[in-house]
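> I have a structure I would like to understand better, so I am pasting it below and will then ask my questions one at a time.
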Amino acid sequence: LMLKDVNVYLIDEPSSYLDVRERLRVAKAIRSLASENTYVVVVEHDLAVLDYISDLVHILYGEPGVYGIVSLPRGVRTGINAYIQGFLKEENIRIRDKPIEFHARPTPTEWTPEQKMMEWSDLEVNLGGFKLKVEGGEIHKGEVIGILGPNGIGKTTFVRILAGKLKPDSGYVATTGEVRLSYKPQFIAKVDYQGTLRQLLEEANVDIYSSFVQTELLHPLRLKPLLDRQVSELSGGELQRAIIAVALGREADIYLLDEPMAYLDVEQRYAVARVIKRLTQERHVATFVVEHDIVAQDFLATSLMVFTGKPGVEGYAYAPMGLRKGMNKFLKELGITFRRDLETGRPRINKEGSWLDRYQKEVLKEYYYIPTKEEPEELESSNI
2 LMLKDVNVYL IDEPSSYLDV RERLRVAKAI RSLASENTYV VVVEHDLAVL
52 DYISDLVHIL YGEPGVYGIV SLPRGVRTGI NAYIQGFLKE ENIRIRDKPI
102 EFHARPTPTE WTPEQKMMEW SDLEVNLGGF KLKVEGGEIH KGEVIGILGP
152 NGIGKTTFVR ILAGKLKPDS GYVATTGEVR LSYKPQFIAK VDYQGTLRQL
202 LEEANVDIYS SFVQTELLHP LRLKPLLDRQ VSELSGGELQ RAIIAVALGR
252 EADIYLLDEP MAYLDVEQRY AVARVIKRLT QERHVATFVV EHDIVAQDFL
302 ATSLMVFTGK PGVEGYAYAP MGLRKGMNKF LKELGITFRR DLETGRPRIN
352 KEGSWLDRYQ KEVLKEYYYI PTKEEPEELE SSNI
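Using our numbering, the first residue of the sequence shown is number 2, and each one after it goes up by one.
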């Protein structure tokens with residue numbers, strides 16, 4: 002597509018199936034297409050990628066499957082912030098009941114021994130020509146561990162070990178007493194199930210009539226109209242949403258979620274992220290989340306595990322660390338810097354080589370930057 006000599010490029014969801022490094026590489030390539038005589042129109046659900054690519058944004062809102070409205074154009078920062086806050090000032094329209102609230106200033110969390118739910122020793126596993134090493138760690142009640150790293154580096158392998166689906170060659174995984182696990186795998190093939198979605202949810206012990214399931218899962222994931230459809234007839238995206246409802250709707254002590262945002266639009270992503278965050282904190286459970294949407298990870302994670310290595314050959318996983326430390330390690334691996342938007346607290350990618358990008362790398366040594374309200378506006382405006 003990008004090799005074609007045209008005046009207008011129309012690109013629909015370019016970051017699908019890509020890890021963070023690949024998303025940024027594609028974003029830079031798309032950004033380079035724009036010129037005085039060339040226009041680029043991009044549909045994208047990853048807000049960090051959309052922010053990096055765009056000069057102007059239109060927000061689409063309405064009732065899915067019924068009608069849609071395209072907003073007036075806005076500058077990229079103003080437009081995404083309006084979407085985050087759920088209110089379009091110029092149109093005087095509220096598109097969401099609640100704003101999406103990011104960590105204004107993530108703080109380290111101290112855990113007590115009584116809160117520990119699972120621990121693992123140093124792990125090693127060999128799968129054909131691939132070798133994975135994992136540093137020992139633990140997860141606690143109320144903790145969401147986000148897992149970041151390239152494709153093919155062992156993230157899914159690690160989650161399968163925790164879920165008891167794969168045995169490591171060395172090391173152990175232990176839980177504090179008996180715990181119930183809820184596992185959402187990375188890939189959802191066609192489910193060999195003869196029955197409706199309603200029956201599938203009920204057999205998975207999901208109380209579809211509870212207010213929590215109705216308001217936090219079925220409604221935002223648009224599953225209510227699908228309840229009496231045969232599971233075998235659901236499309237890939239519909240099936241993904243259904244399996245998320247199964248994984249999050251049943252009661253468990255530890256949730257293992259492998260790429261829960263895949264196939265979801267931006268509104269559904271943050272609906273799922275809110276559920277994960279609320280479920281973990283209010284029910285005092287623990288959650289692992291593998292996800293490439295770095296803004297979504299920033300929104301929901303309290304700790305991070307960073308995976309590095311050579312995709313398809315070897316992987317190395319660091320023990321869980323605080324959000325700020327983990328983001329700094331991960332972003333340094335990518336060679337990019339993030340800053341906080343002063344208005345919404347959302348992370349934004351600095352343009353490569355910009356004043357703030359160089360300042361963070363060379364002076365602050367900080368890749369995951371959290372500015373204070375007192376700092377001058379030019380720190381933000383230099384990257385708009």
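All C-beta atoms, glycine included, are put in the ideal place defined by N, C-alpha and C.
What residue range does the alpha helix (DSSP H) around T157 cover?
Start and end: K156 to L163.
> Taking the DSSP output, what are the residues bridged to R95?
F88
> Using C-beta distances below 8 Å, list every residue in its chain close to N329, excluding the 5 sequence neighbours before and after it, in chain order.
E367, Y368 and Y369
> Take every Cβ of the region 255-266, pair it with every Cβ of the region 289-299, and state whether three or more of those distances are shorter than 8 Å.
They touch, by the three-pair rule.
> Beta-carbon within less than 8 Å of N38's beta-carbon, same chain only, minus the 5 sequence neighbours each way: which residues are those?
Taken in chain order, the residues that qualify are N8.
> In the DSSP assignment, what are the bridge partners of H141?
K117
> Leaving out five residues before and five after H141 in sequence, what residues of the same chain have Cβ atoms less than 7 Å from its Cβ?
W112, Q116, K117, M118 and A287
> Name the one or two DSSP bridge partners that T177 has.
In DSSP, T177 forms no bridge with anything.
> Please report how far the alpha carbon of I70 lies from the alpha carbon of G63, in whole angstroms.
The alpha-carbon of I70 is positioned some 6 Å away from that of G63.
> Would you give the residue range spanned by the beta strand (DSSP E) that T288 belongs to?
That run of the beta strand (DSSP E) goes A287 to V291.
> Quick check on K278: buried or exposed, where buried means 16 or more other Cβ atoms within 10 Å of its Cβ?
buried
> What's the gap between the Cα of F213 and the Cα of F300?
20 Å
> Whole-angstrom Cβ separation of G323 and S304, contact assumed at under 8 Å?
About 6 Å; that satisfies the 8 Å criterion.
> What are the complete beta strand (DSSP E) segments, minimum 3 residues, inside the region 194-276?
255-259
> Could you give the uninterrupted runs of the beta strand (DSSP E) lying entirely in the region 293-359, keeping only those of 3 residues or more?
304-311, 315-318, 339-341 and 348-350
> Is it buried or exposed, N127, if we count other Cβ atoms within 10 angstroms and call 16 or more buried?
Answer is exposed; the Cβ neighbour count stays below 16.
> Indicate whether P100 and G80 have their beta-carbon atoms separated by less than 8 Å.
No. Outside cutoff.
> Is L34 helix, strand or coil by DSSP?
helix
> Does DSSP put E283 in a helix, in a strand, or in coil?
helix
> Does L4 come out as helix, strand or coil in the three-state DSSP assignment?
Correct three-state label for L4: coil.
> So, for L201: in the same chain, excluding its five sequence neighbours on each side, which residues have a beta-carbon less than 8 Å away from its beta-carbon?
The answer, listed in chain order, is V192, Y194, V232, A243 and V247.
> From the DSSP secondary-structure annotation, give me the bridge partner or partners of R75.
V58
> Taking the Cβ atom as the reference point for each residue, do V207 and G250 lie within a distance shorter than 8 Å?
yes
> Between V27 and the rest of its own chain, which residues show a CB-CB distance below 6 Å, the 5 nearest in sequence each way excluded?
P15
> In the DSSP assignment, what are the bridge partners of L182?
In the DSSP output, where bridge partners are listed per residue, L182 has I255.
> In terms of DSSP beta bridges, what is S171 paired with?
E125
> Excluding the 5 residues flanking Y10 on each side, which residues of the same chain have their C-beta closer than 6 Å to its C-beta?
L34 and V41
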